[in-house]
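Worksheet for the structure shown next.
2 protein chains.
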Amino acid sequence: MSTEDRTERAPRVLKAPKQDRSRATRKRLLEAAVACLAEHGWAGSTVSVVAEHAGVSRGAAQHHFPTREDLFTAAVEYVAEQRSTALRDLFPDGPADRRAVVRALVDLYTGPLFRAALHLWVAASNEDQLRPQVTELEARVGRETHHMAVELLGADESRPGVRETVQGLLDMARGLGLANLLTDDGTRRERVVAQWGEILEGVLTD
Amino acid sequence: MSTEDRTERAPRVLKAPKQDRSRATRKRLLEAAVACLAEHGWAGSTVSVVAEHAGVSRGAAQHHFPTREDLFTAAVEYVAEQRSTALRDLFPDGPADRRAVVRALVDLYTGPLFRAALHLWVAASNEDQLRPQVTELEARVGRETHHMAVELLGADESRPGVRETVQGLLDMARGLGLANLLTDDGTRRERVVAQWGEILEGVLTD
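What follows is the structure, encoded as structure tokens:
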């Protein structure tokens, strides 16, 4: 509120840069939060650690995100949105070659975002404070990913079994992400993705 | 060593009960370790917590398992072996109805064992002390599960793509386990498993 008042009194021309700075700070915090979560896990990721990593004061971090839970759920959501946008940009003309789409969907689950999200899920499963926000976030991101998968695969969900086929594919992608957690599973994953791309092509075009 | 010596000096008839007690203590510790891991996560699962949960002194726990890492990797392995045995017992005549086998395989990943293993994997991804043991354990359990899946599905791995088909199915099972972490995903999972059971039946009998 007091920040607003001060802004009001400043000349209008100065408003935009200040908002830009605030947005940039927020973005730095969100990206640092995901990086910390992926690297140090939930126990090692405090607001102070993230603020330091982002080069932002602890006070500024708390201005943007009142609680640790707020910061980390916002961070995973922010990066998930960015990944969705990147995926859509890969296929600007909508439905595309299914084998390529399967590969791109699986890629969503093998990077630092998945690693960060996994730490958040596992922490939420034991922490009552975190669980409601993360459960809601997971449902939202899951729906969005499903929607995108259906669209890019050109899958007709009015046909029996198609919805479950796409869901199972996304479950497989999540499982492949998990298999990549401790070791680089890229070579095996490549073969599994090629085979299931073929199978999916057959099931969806029948 | 000194325990051995004392045993040697005792009358032979007393030896068996003592070994039985030791085996029972070990078993209690292993089961308590998995329960603690599933319920409290890695950070909340110390050797002391497990020993108390098992009704065993901390000294006795350390006699069986010198380090915390030893205790928890042994625990996840022990329970994984028990689950494998239970799965084989479900299909005593070997290859069985594939839809039923798919369902039973997915069930391996939705109980407290999977939850415990997940905590262990995620902790190992950030802890250098834990990583080598858990990586080796995961590879061993993964090979055993794959072997069992191939056998029970009556899958002919000499045919191109069959190995990768079975691997993808197990990845999907893992992903379904993950989806069950925060909420009861049973209704959705049931439909996905039914559909993918059909798909697998088609692919493996072609």
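Here the protein sequences come in this chain order: A and B.
Quick note on full-length UniProt numbering: the first sequence kicks off at 1 and runs consecutively.
Quick note on full-length UniProt numbering: the second sequence kicks off at 1 and runs consecutively.
Using N, Cα and C, we set each Cβ at its ideal position, and we do this for glycine too.
This structure is a prediction, so every number in the text was calculated from the model and none was measured.
- Judged by DSSP secondary structure, residue 121(B) falls within the alpha helix (DSSP H) whose first and last residues are 112-126.
- Annotation: the continuous alpha helix (DSSP H) that includes residue 89(A) extends over 68-90.
- Residue contact check for residue 148(A) against chain B: no CB pair falls below 8 Å.
- Between the alpha carbons of residue 116(A) and residue 183(B) lies a distance of about 19 Å.
- Residue 163(B) and residue 92(A) have their C-alpha atoms roughly 34 Å apart.
- Chain-order list of chain A residues neighbouring residue 53(B): empty, with the shortest C-beta distance near 16 Å, by a criterion of under 9 Å.
- For residue 173(A), the enclosing alpha helix (DSSP H) covers residues 162-179.
- Take the alpha-carbon of residue 149(A) and the one of residue 22(A): they are about 34 Å apart.
- By the rule that beta-carbons nearer than 8 Å mark a contact, residue 171(B) touches chain A.
- For residue 201(B), the three-state secondary structure derived from DSSP is helix.
- Looking from the CA of residue 57(A), the closest CA among 72(A), 79(A) and 28(A) belongs to 28(A).
- Taking C-beta atoms as the reference points, residue 98(A) and residue 170(A) fail to come closer than 8 Å.
- Residues of chain B with a Cβ closer than 9 Å to the Cβ of residue 44(A) are, in chain order, 126.
- Residue-level contact check: residue 203(A) touches chain B, since one or more beta carbons of chain B fall below 8 Å from its beta carbon.
- In the structure shown, the three-state DSSP call for residue 186(A) is helix.
- In terms of Cβ geometry, residue 137(A) and residue 46(A) do not form a close pair [threshold 8 Å].
- In the pairwise beta carbon analysis, the stretch 82-91 of chain B is classified as not touching the stretch 117-135 of chain B: fewer than three pairs are separated by under 8 Å.
- Cβ-Cβ separation between residue 38(B) and residue 95(B): approximately 32 Å, too far for a contact (criterion under 8 Å).
- Chain order gives the chain B residues near residue 178(A) as 118, 121, 171, 174, 175, 177 and 178, where near means a beta carbon separation below 9 Å.
- For residue 95(A), there is no enclosing alpha helix (DSSP H), as DSSP marks it with neither H nor E.
- Look at the stretch 179-190 of chain A: the residues with a C-beta under 8 Å from a C-beta of chain B are 179, 181, 182, 183 and 188.
- A straight-line Cα-Cα distance of about 46 Å links residue 193(A) and residue 63(B).
- Comparing alpha-carbon positions, the option among 35(A), 180(A) and 175(A) lying closest to residue 106(B) turns out to be 175(A).
- With its beta carbon at least 8 Å from every one in chain B, residue 64(A) lies outside the interface.
- Nearest Cα to residue 131(B) within the set 143(B), 26(B) and 69(B): 69(B).
- For residue 48(A), the secondary structure class from DSSP, reduced to helix, strand or coil, is helix.
- Judged by their CB atoms, residue 75(A) and residue 30(A) are nearer to each other than the 8 Å cut-off.
- The beta carbons of residue 41(B) and residue 122(A) sit closer together than 8 Å.
- Under the three-state reduction of DSSP output, residue 159(B) falls in the coil class, being neither helix nor strand.
- Under the DSSP assignment, residue 141(A) falls in the alpha helix (DSSP H) whose first and last residues are 131-153.
- One Cα belongs to residue 43(B), the other to residue 118(A), and the distance between them is close to 16 Å.
- Under the DSSP assignment, residue 59(B) falls in the alpha helix (DSSP H) whose first and last residues are 58-64.
- Annotation: residue 179(B) to residue 190(A) spans about 23 Å, alpha carbon to alpha carbon.
- Taking all protein chains shown into account, residue 67(B) has fewer than 16 neighbouring C-beta atoms within 10 Å of its C-beta and is therefore exposed.
- Excluding its 5 nearest sequence neighbours in each direction, residue 157(A) has C-beta neighbours in its own chain below 7 Å: 150 and 163, listed in chain order.
- Counting the other CB atoms within 10 Å of its CB gives residue 26(B) a total of 16 or more, which places it among the buried residues.
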